[in-house]
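Worksheet: the structure to be examined is printed underneath.
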Amino acid sequence: MSITVRFFASIREKLGKGEVLIEAKGVSSASDVWDRVASTPIPPNTLVAINQEHVSLAQAVRDGDEVAFFPPITGGAT
Amino acid sequence: MSITVRFFASIREKLGKGEVLIEAKGVSSASDVWDRVASTPIPPNTLVAINQEHVSLAQAVRDGDEVAFFPPITGGAT
Amino acid sequence: MRIRLLDRGFDPWREVAAYQAEQPQLAGKFGATTVFVGTLRDFNQGETVQRMTLEHYPDMTEKYLERVCHEAQSRWQVADMLVIHRHGVLAPNDPIVLVAVWSGHRDSAFAACRYIIDELKTRAPFWKKEETESGPRWVEQQ
Amino acid sequence: MRIRLLDRGFDPWREVAAYQAEQPQLAGKFGATTVFVGTLRDFNQGETVQRMTLEHYPDMTEKYLERVCHEAQSRWQVADMLVIHRHGVLAPNDPIVLVAVWSGHRDSAFAACRYIIDELKTRAPFWKKEETESGPRWVEQQ
């Protein structure tokens with residue numbers, strides 16, 4: 001098993017990737033996931049979802065999870 | 079000249095008339111107009127318009143005016 | 157801005173689409189549209205409604221609808237407005253009133269639309285008479 | 299209740315009319331419909347917008363749109379709801395989002411419609427990228 005990591009919008013563009021797979025070993029929180037996949041600090045206001053649920057960066061991550069990082073949401077209308 | 083008096087909705091039905099003309103002489107307020115055209119006291123909550131503007135019963139009436147009496151408004155939606 | 161009194165049925169969505177299509181100057185200039193449609197239900201206060209007659213005070217009605225729209229325009233940034241109100245005899249499921257507001261932002265679109273329908277209800281001279289199983293009755297203000 | 303994500307343009311008024319026509323059980327049972335449509339403007343923050351790309355997070359988006367609708371349903375008396383949200387490439391004047399609520403009364407229709415568009419804006423994962431004269435830029439939350 002492993003952890004699927006997804007990036008969206010400006011974060012996807014900055015990192016130059018939309019999705020990566022990482023080993024679950026040594027990763028205990030969403031914050032750890034970021035440190036594993038990116039060489040820069042997480043941008044302020046970044047949102048995190050685990051298995052498509054909004055969570056905090058401190059949220060525990062388990063083998064098989066899908067972890068996503070994205071900027072504040074700007075859907076809807078003016 | 080004279081005063082045109084109009085009635086709408088339940089008031090029109092109760093009085094059995096939609097419009098009457100009265101002499102302006104001796105009539106100084108909307109309240110006087112009611113007393114001239116109806117033999118019963120004005121129903122509570124009756125609204126008054128003079129020349130198609132909402133006014134109070136005490137409002138002065140002049141020769142040539144159109145005075146209307148109607149129940150509370152129930153247009154629009156639920 | 158358009159205000160219409162109609163003595164026949166209308167399709168509110170078709171009216172909004174048609175009005176918007178007739179305003180090419182609006183294209184790209186508004187970000188928010190809020191539409192309210194009031195529709196005749198087949199029951200009210202525990203009774204089945206078979207039909208409703210909407211009486212109004214010609215001329216005064218239009219005057220107050222216009223006034224309410226102008227007030228909304230002076231309070232909020234509104235790009236355009238459409239108000240349609242039925243009178244005459246209606247059947248259940250018939251639209252009674254339509255209020256559409258085009259605006260830059262949703263705050264003003266919602267606020268202006270709500271203002272117009274609320275003010276219309278207390279200031280524009282319309283009266284509803286329902287025909288129920290127990291006979292006709294004038295609707296009372298709640 | 300219907301929630302749709304579309305990667306092509308849509309006519310919001312036609313969608314509302316079509317959805318309502320498909321719900322014969324609603325006829326005569328609702329007194330109020332409130333519709334909100336968000337539309338792409340041709341300017342934003344002082345710049346001309348030529349095009350916009352709406353990115354989303356498939357599955358998570360639908361999940362949150364449904365959740366927001368169910369929350370609205372639990373807070374207010376709502377007879378039915380329709381939500382449509384675009385993704386992909388949009389041109390100015392294209393509708394972005396439609397929220398329609400059918401209810402017994404206007405208070406709940408307005409409140410539920412407003413709730414859905416407000417919550418959607420902060421919880422459903424969509425991101426806007428505008429193409430302006432000075433190049434592409436991600437829209438920032440205000």
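Chains as they are written, first to last, in this note's numbering: chain A, 1 to 78; chain B, 79 to 156; chain C, 157 to 298; chain D, 299 to 440.
Each residue gets a CB set at the ideal place from its N, CA and C atoms; glycine is no exception.
These numbers were taken from a predicted model, which means no experiment stands behind them.
Residue i - DSSP class collapsed to helix/strand/coil
i             : result
residue 216/C : helix
residue 308/D : coil
residue 250/C : coil
residue 56/A  : coil
residue 408/D : helix
residue 140/B : coil
residue 124/B : coil
residue 156/B : coil
residue 173/C : helix
residue 151/B : coil
residue 327/D : coil
residue 292/C : strand
residue 287/C : strand
Proximal chain B residues relative to residue i, where beta-carbon distance stays under 8 Å
i             : result
residue 215/C : 130
residue 226/C : Simply none; closest approach about 15 Å.
Cα-Cα separation between residue i and residue j, rounded to whole angstroms
i             : j             : result
residue 312/D : residue 184/C : 19 Å
residue 416/D : residue 231/C : 22 Å
residue 110/B : residue 335/D : 52 Å
residue 27/A  : residue 3/A   : 9 Å
residue 248/C : residue 167/C : 14 Å
residue 288/C : residue 412/D : 34 Å
residue 234/C : residue 78/A  : 14 Å
residue 410/D : residue 75/A  : 18 Å
residue 302/D : residue 70/A  : 22 Å
residue 291/C : residue 297/C : 19 Å
residue 238/C : residue 57/A  : 48 Å
residue 46/A  : residue 355/D : 15 Å
residue 324/D : residue 338/D : 31 Å
residue 328/D : residue 261/C : 28 Å
residue 226/C : residue 282/C : 19 Å
residue 427/D : residue 342/D : 12 Å
residue 359/D : residue 345/D : 29 Å
residue 36/A  : residue 11/A  : 15 Å
residue 418/D : residue 137/B : 52 Å
Contacting residues, own chain, Cβ-Cβ under 6 Å from residue i (five flanking each side not counted)
i             : result
residue 407/D : 330, 332, 399, 401
residue 414/D : 366, 370, 397
residue 279/C : 220
residue 300/D : 380
residue 97/B  : 84
Proximal chain B residues relative to residue i, where beta-carbon distance stays under 7 Å
i             : result
residue 433/D : Ordered by position in chain B, no residue passes the 7 Å Cβ test against residue 433/D, which lies about 47 Å from the chain.
Listed by chain order, chain A residues near residue i by CB distance under 8 Å
i             : result
residue 262/C : 77, 78
residue 187/C : 77, 78
Same chain, Cβ closer than 7 Å to residue i, five either side skipped, listed in chain order
i             : result
residue 179/C : 236
residue 93/B  : 85, 116
residue 304/D : 382, 384
8 Å Cβ shell around residue i - same chain, five flanking residues per side excluded
i            : result
residue 61/A : 3, 24, 27, 28, 29, 30, 32, 33, 50, 67
residue 99/B : 80, 81, 82, 83
residue 55/A : 30, 48, 49
Residue i: contacting residues in chain A (beta-carbon distance under 7 Å)
i             : result
residue 420/D : 73
Contact test: residue i Cβ vs the ligand COA heavy atom, cutoff 8 Å
i             : result
residue 251/C : Although the ligand COA was asked about, the structure shown includes no ligands whatsoever.
Proximal chain C residues relative to residue i, where beta-carbon distance stays under 9 Å
i             : result
residue 340/D : 183, 184, 185
residue 315/D : 167, 168, 169, 170, 173
Within chain D, partners of residue i - CB distance below 8 Å
i            : result
residue 9/A  : 353, 425, 427, 436
residue 70/A : 355, 423, 425
8 Å Cβ cut-off: residues of chain C touching residue i
i             : result
residue 127/B : 213, 216, 281
Inside the stretch 3-44 of chain A only - alpha helix (DSSP H) runs reaching at least 4 residues:
Listed in chain order, they are 9-15, 30-37.
| field | Completely contained alpha helix (DSSP H) runs for the stretch 189-245 of chain C, where each covers 4 or more residues | value | Here the runs fully enclosed are 216-231.
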